[in-house]
Amino acid sequence: MPIQLKEIGITVLEAGIIYTIIPLLNFVIPPFVGCVGDKIGNYKILSLISIVCLALSTFLISMLPKIKETKESETIANFGFSFWAYLLLRIAFEAFYTSIRVMNKATVVVVAKDSGGYGKQRVWYTIAAVIWNPLSGFLMTVFSPKNGPINYKPAFYLFIAFMVPLFIFVCLVEAKVVKRKREERRPIKHFLRSGRLWFFYLIVVSIGILLSIRQPYFVIFYDDLKGPPYLLGLLKALSALINLPFVYFSSAMSKKLGHILMFLMVFGGLFLKYLLISFIVNPFLFIPIFALIPFSENFVSCATAEAALALAPKGYLASIMGLGSNANQGVGKTLGRLLGGAIWSLGSARLMFGSFSALSLTIGSVIALLYCSSDSLRKTTPLSDDFPAVVDETTTLIYGNNDEIVGNQNGQNNS
């Protein structure tokens, strides 16, 4: 999508505006969707609505007209239309994509809890990325004219096609969720006094800042180096492949090492990766960097899920996951893109990657120091253990799948 902006006539300034606004959605949507999902006890219906709306918004984005080549004396009539249409459609796309991400992640964590952990389920996502990322790049190359602009529609259509099996699978899955009775439920704000929750939140914000420059700044830097489209897809597939063992064993790593140490591994990997990228002059030299340094966003997703599963009181899993998504995709990416754009404008892309490498090392060192010096931050029990007077874990809990919980609620309301 970042390179597509050029094709429809959106300037670098307007692209910066768009990529600053979009992460703001993650300030509100993940916590809101998570709290709603926990409150109604039905993750499925929220996911299905979001899937349909996401497919529709993706199709409309793919149909936006490309800007026509003009002479200097000619004006472009639909230039303003392209900006506003793309902005509104991307807002819709990101809103529904975020809803799916939070609900599906919470569902998979619940399903996988007793079958090897979230990482073993997430590995299928990684395998799909290994297969379909290079294929989408190949299809764009095949269906693009030799001396003309890149045709991005095959990638959009492939994305839409996969919404169909996703819709079917969500309909079939049965997740055993835990819900508190309405009169016994406490707002999530009661847990905001927990130092462990804020420590988790600040770590995920920091990782969001560091990962934010992958979109759009790395893609733009790659384009400036004249890298071919297929290589970009290959790099994504390579990154997914090298992360497979780490994703697969993430649950075991969390139990043995703890989720904080998993986050520290991410900081170390980003420090080395960004440092090497800052010296790259040939796009093909990205291959050894992506092949040798793991801990991508896939691994971050697993680490965040394991942390949320460890910290969340019963009946609050989606809420804690929504808070983590708010930290990573909202606060972190917004601050990171602003910081990355400011550094690039003052110097160069290489300065930006070098600065983020140093930032990763600094933040990782501070987190390691705090973690080692505080006994409370090393606790791995749910947040409710910090506030026994706020949340009574002996209270009645409602167990069952989505449909059973909704049916029980309707029966209680009718009686």
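Take the sequence shown: its letters are residues 1 to 415, numbered as in our numbering. The beta carbon of each residue, even a glycine, is placed where N, CA and C say it ideally should be. Note that the structure is predicted; figures quoted are calculated from it, not measured.
Residue i burial status per 10 Å Cβ neighbour count (16 or more: buried)
| i | result |
| --- | --- |
| residue 171 | exposed |
| residue 344 | buried |
| residue 366 | exposed |
| residue 148 | exposed |
| residue 364 | buried |
| residue 328 | buried |
| residue 252 | exposed |
| residue 143 | exposed |
| residue 284 | exposed |
| residue 337 | buried |
| residue 55 | buried |
| residue 373 | exposed |
| residue 80 | exposed |
CB of residue i within 8 Å of CB of residue j, strictly
| i | j | result |
| --- | --- | --- |
| residue 266 | residue 295 | yes |
| residue 93 | residue 141 | no |
| residue 371 | residue 287 | no |
| residue 18 | residue 87 | yes |
| residue 207 | residue 300 | yes |
| residue 307 | residue 37 | no |
| residue 102 | residue 254 | no |
| residue 33 | residue 48 | no |
| residue 194 | residue 386 | yes |
| residue 237 | residue 134 | yes |
| residue 82 | residue 150 | no |
| residue 210 | residue 360 | yes |
Euclidean distance between Cα positions of residue i and residue j
| i | j | result |
| --- | --- | --- |
| residue 357 | residue 274 | 5 Å |
| residue 106 | residue 269 | 26 Å |
| residue 334 | residue 139 | 32 Å |
| residue 16 | residue 85 | 16 Å |
| residue 136 | residue 153 | 10 Å |
| residue 43 | residue 111 | 12 Å |
| residue 406 | residue 40 | Bear in mind that the predicted position of residue 406 carries a pLDDT of just 43, short of 50, making it unreliable; the figure below should be weighed with that in mind. One C-alpha to the other measures close to 7 Å. |
| residue 355 | residue 281 | 18 Å |
| residue 131 | residue 122 | 15 Å |
| residue 213 | residue 174 | 37 Å |
| residue 277 | residue 227 | 14 Å |
| residue 305 | residue 313 | 14 Å |
| residue 323 | residue 303 | 14 Å |
| residue 160 | residue 104 | 17 Å |
| residue 368 | residue 108 | 30 Å |
| residue 245 | residue 118 | 13 Å |
| residue 416 | residue 271 | Given that the chain is displayed from residue 1 to residue 415, the structure contains no residue 416 and the question cannot be resolved. |
Span of the alpha helix (DSSP H), counted from its first residue to its last, around residue i
| i | result |
| --- | --- |
| residue 39 | 25-40 |
| residue 145 | It is not in any alpha helix (DSSP H) - residue 145 carries neither H nor E in the DSSP assignment. |
| residue 174 | Counting along the chain, residue 174 falls outside any alpha helix (DSSP H), and DSSP gives it neither H nor E. |
| residue 273 | 259-277 |
| residue 346 | 333-346 |
| residue 284 | No alpha helix (DSSP H) holds residue 284; DSSP gives it neither H nor E. |
| residue 155 | 153-161 |
| residue 419 | Absent from the structure is residue 419, since the part of the chain shown begins at 1 and ends at 415. |
| residue 243 | 229-248 |
| residue 192 | Premise fails: residue 192 is in no alpha helix (DSSP H) and is neither H nor E. |
| residue 384 | Where residue 384 is concerned, there is no enclosing alpha helix (DSSP H), given that its DSSP letter is neither H nor E. |
| residue 217 | 217-224 |
| residue 21 | 12-21 |
| residue 326 | Counting along the chain, residue 326 falls outside any alpha helix (DSSP H), and DSSP gives it neither H nor E. |
Beta-carbon proximity list for residue i, same chain, < 7 Å, skipping 5 on both sides
| i | result |
| --- | --- |
| residue 197 | 191, 311, 383 |
| residue 352 | 213, 217, 340, 343, 344 |
| residue 60 | 89 |
| residue 14 | 83 |
Neighbourhood of residue i by C-beta distance below 8 Å, restricted to the same chain and skipping five residues each side
| i | result |
| --- | --- |
| residue 25 | 91, 94, 95, 98, 330 |
| residue 241 | 126, 130 |
| residue 232 | 137, 219, 222 |
8 Å Cβ cutoff, residue i in contact with chain D
| i | result |
| --- | --- |
| residue 322 | Chain labels in this structure do not include chain D; a single protein chain is all it has. |
Sequence-distant residues of its chain with Cβ nearer than 6 Å to residue i (five each side left out)
| i | result |
| --- | --- |
| residue 380 | 310 |
| residue 392 | Confidence at residue 392 is low in this model, with a pLDDT of 46, below 50, so its placement is unreliable and no value can be given for it. |
| residue 53 | 96 |
| residue 205 | 327, 331, 332 |
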